[in-house]
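Asker: Quick one: the structure is below, and I'll ask about it shortly.
Residue numbers (this note's numbering), protein chains in the order written: chain A, 178 to 346; chain B, 288 to 568.
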């Protein structure tokens with residue numbers, strides 16, 4: 178199957194994508210983007226989260242063909258030549274990254290939370306809202322507290338929305 | 288395996304008639320798990336996610352006609368006023384990522400006894416609109432839709448077009464027992480919907496039987512016992528209601544809980560639901 182995507186803003190084509198494979202496998206094996214991680218393959222862990230036409234989804238649960246012609250944003254699209262986004266930097270600073278396997282998924286859902294929080298006083302995002310936004314992402318290292326510290330720090334920074342353009346697809 | 292994209296509803300129905308073995312896929316949150324784990328090898332996937340006609344909901348004659356492609360996220364954001372119990376159930380589905388893709392119609396197609404929407408659909412008296420290319424639309428009351436564990440009344444050439452759910456005519460509640468607040472398959476779940484005009488009660492039990500179940504004896508009992516103005520019942524009647532709900536359940540012991548725990552928990556959920564409803568008076 179020929180699969181054409183707008184991947185992190187650029188038109189990309191892969192050939193010979195198996196018809197029964199997921200968007201996740203297509204990204205990793207056919208588009209050379211291993212940022213989205215393959216862990217549970219059943220939507221439990223959120224490590225494979227990408228933006229599909231602007232919406233965060235588990236790419237392991239999207240058939241590759243369902244993404245035909247779509248805009249797909251992956252973790253590789255977050256940082257640019259100026260360096261990490263403030264959310265990414267906040268994860269580093271807070272110690273929210275240990276083994277790092279879950280981190281790409283977390284970064285994508287925090288990006289989504291940030292976009293949805295626009296137009297509100299983002300500092301008012303309470304812990305419940307943050308925890309709900311992260312509920313589909315598992316981390317077995319950090320115990321989540323450092324992740325939530327990072328999200329709180331990043332979203333409280335008024336520069337974040339301006340800096341983090343990119344991977345929302 | 289072949290991947291077939293349906294561009295329109297008519298297209299989808301025609302393909303499903305020609306290829307009854309093709310597995311319909313919309314949100315993919317159930318179908319892809321089965322493919323990823325090689326539990327199922329359908330001859331083809333029939334992608335319904337591009338069909339515009341399925342992506343809308345409409346209010347028709349006092350009911351919401353929920354298109355088969357409307358996600359749980361949209362049910363929560365757009366229908367919490369008209370379909371409060373369905374929105375409550377939708378909030379307990381998976382995670383934000385799952386709710387962005389998964390649909391009520393997909394829940395029905397999978398027909399798991401643990402499907403979160405099912406108790407609400409039973410309690411509200413929803414109707415499944417199935418359609419085939421050759422025979423047209425067939426309306427299946429949800430109570431007759433579930434025929435066994437992960438089995439439903441759909442014929443091989445039929446697809447779910449919409450689910451018709453009566454707009455709330457009184458207080459509704461949904462609750463679910465699980466080990467976390469997210470990503471939980473129900474240990475058991477319970478929905479209740481009161482119709483203040485007709486003075487009737489609807490219920491639904493999830494994950495405590497081979498299919499989702501309605502607790503008809505409990506419904507009749509509560510309709511008699513309830514003070515319909517204060518929305519209150521005596522404590523004794525509330526507990527009797529809870530026991531009648533629990534007695535309807537046909538749970539088994541499995542990895543998520545024992546049969547006796549499920550019966551106990553359903554009684555608790557049913558009594559609590561009455562307490563929450565009283566708060567609506």
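Glycine is no exception: its CB is placed at the ideal position from the N, C-alpha and C atoms.
What are the residues that DSSP puts in a beta bridge with residue 191 of chain A?
Answerer: Residue 191 of chain A is bridged to A/180.
Asker: Closest to residue 278 of chain A by CA distance: which of A/326, A/204, A/207 and A/226 is it?
Answerer: A/226
Asker: What does residue 242 of chain A reach in chain B if we use C-beta pairs closer than 8 angstroms?
Answerer: Within 8 angstroms Cβ-Cβ: 290, 292, 332 and 334.
Asker: In its own chain, which residues sit with a C-beta less than 7 angstroms from the C-beta of residue 319 of chain A, not counting the 5 before and 5 after it?
Answerer: 273 and 275
Asker: Output the boundary residues of the alpha helix (DSSP H) element that contains residue 322 of chain A.
Answerer: Here the alpha helix (DSSP H) through residue 322 of chain A covers 322-333.
Asker: Establish whether the CB of residue 312 of chain B and some CB of chain A are separated by less than 9 angstroms.
Answerer: yes
Asker: Measure from the alpha carbon of residue 188 of chain A to the alpha carbon of each residue in A/197, A/289, A/248 and A/283, then state which is nearest.
Answerer: A/248
Asker: Can you tell me the Cβ-Cβ gap for residue 185 of chain A and residue 250 of chain A, rounded? I've got them flagged as a contact below 8 angstroms.
Answerer: 6 angstroms
Asker: Helix, strand or coil: how does DSSP classify residue 432 of chain B here?
Answerer: coil
Asker: Quick check on residue 247 of chain A: does DSSP put it in helix, strand or coil?
Answerer: coil
Asker: I'd like to know whether the C-beta of residue 245 of chain A is nearer than 9 angstroms to at least one C-beta of chain B.
Answerer: yes
Asker: At a Cβ threshold of 9 angstroms, is residue 434 of chain B touching chain A?
Answerer: Output row for residue 434 of chain B: interface = no.
Asker: Can you list, in chain order, the stretches of the alpha helix (DSSP H) that have 4 or more residues and sit fully within the segment 333-371 of chain B?
Answerer: Listed in chain order, the complete alpha helix (DSSP H) runs (minimum 4 residues) inside the segment 333-371 of chain B are 359-366.
Asker: Classify residue 466 of chain B: buried if its beta carbon has 16 or more other beta carbons within 10 angstroms, exposed otherwise.
Answerer: exposed
Asker: Whose CA, out of A/284, A/306 and A/322, lies closest to the CA of residue 213 of chain A?
Answerer: A/284
Asker: So, is residue 547 of chain B buried or exposed, given that buried needs 16 or more other C-beta atoms within 10 angstroms?
Answerer: exposed
Asker: Since residue 322 of chain B meets chain A, which of its residues come closer than 9 angstroms, beta carbon to beta carbon?
Answerer: 197, 198, 199 and 240
Asker: Leaving out five residues on either side along the sequence, give the residues of the same chain with a beta carbon under 6 angstroms from the beta carbon of residue 328 of chain A.
Answerer: 287 and 307
Asker: Determine the DSSP secondary structure at residue 275 of chain A, reduced to helix, strand or coil.
Answerer: coil
Asker: Hey, would you say residue 313 of chain B sits closer than 9 angstroms to residue 329 of chain B, going by beta carbons?
Answerer: Using a Cβ distance threshold of 9 angstroms, residue 313 of chain B and residue 329 of chain B do not count as a contacting pair.
Asker: Can you pull the DSSP bridge partners for residue 487 of chain B?
Answerer: B/482
Asker: How is residue 303 of chain B classed by DSSP in three states: helix, strand or coil?
Answerer: In the three-state DSSP reduction, residue 303 of chain B falls in the helix class (H, G or I).
Asker: In terms of residues, what are the limits of the alpha helix (DSSP H) holding residue 291 of chain A?
Answerer: 280-294
Asker: Would you call residue 255 of chain A buried or exposed, if buried means 16 or more other Cβ atoms sit within 10 Å of its Cβ?
Answerer: buried
Asker: What residues in the segment 370-401 of chain B have a beta carbon less than 8 angstroms from any beta carbon of chain A?
Answerer: 381, 382, 383, 384, 385, 387 and 388
Asker: Write down the C-beta distance between residue 532 of chain B and residue 502 of chain B rounded to the nearest angstrom, noting that I regard them as a contact closer than 8 angstroms.
Answerer: 5 angstroms
Asker: Could you check if residue 364 of chain B is buried or exposed, using at least 16 other CB atoms within 10 Å of its CB as the buried criterion?
Answerer: exposed
Asker: What is the residue span of the alpha helix (DSSP H) that residue 317 of chain A lies within?
Answerer: It is not in any alpha helix (DSSP H) - residue 317 of chain A carries neither H nor E in the DSSP assignment.
Asker: Do three or more CB pairs link the segment 361-376 of chain B to the segment 415-432 of chain B at distances below 8 angstroms?
Answerer: The segment 361-376 of chain B, when compared against the segment 415-432 of chain B, does not touch it at the 8 angstroms Cβ threshold.
Asker: Given a cut-off of 9 angstroms, decide if residue 409 of chain B and residue 395 of chain B are closer than it, judged by their beta-carbon atoms.
Answerer: no
Asker: Does the beta carbon of residue 542 of chain B sit closer than 9 angstroms to a beta carbon anywhere in chain A?
Answerer: Taking Cβ atoms only, chain A never reaches closer than 9 angstroms to residue 542 of chain B, which makes this a no.
Asker: What are the boundary residues of the alpha helix (DSSP H) that includes residue 419 of chain B?
Answerer: DSSP places residue 419 of chain B in no alpha helix (DSSP H) but in the uninterrupted beta strand (DSSP E) bounded by 414-419.
Asker: Find the nearest neighbour of residue 292 of chain A within the set A/260, A/331, A/257 and A/280, judged by alpha-carbon distance.
Answerer: A/331
Asker: Of all the residues that make up the segment 212-241 of chain A, which are near chain B by a beta-carbon distance shorter than 7 angstroms?
Answerer: 218, 219, 220, 221, 223, 226, 232, 233, 234, 235, 237, 238, 239 and 240
Asker: What number of angstroms, rounded off, separates the C-alpha of residue 562 of chain B from the C-alpha of residue 315 of chain B?
Answerer: 37 angstroms
Asker: Between the Cα of residue 268 of chain A and the Cα atoms of A/324, A/197 and A/311, which residue gives the shortest distance?
Answerer: A/324
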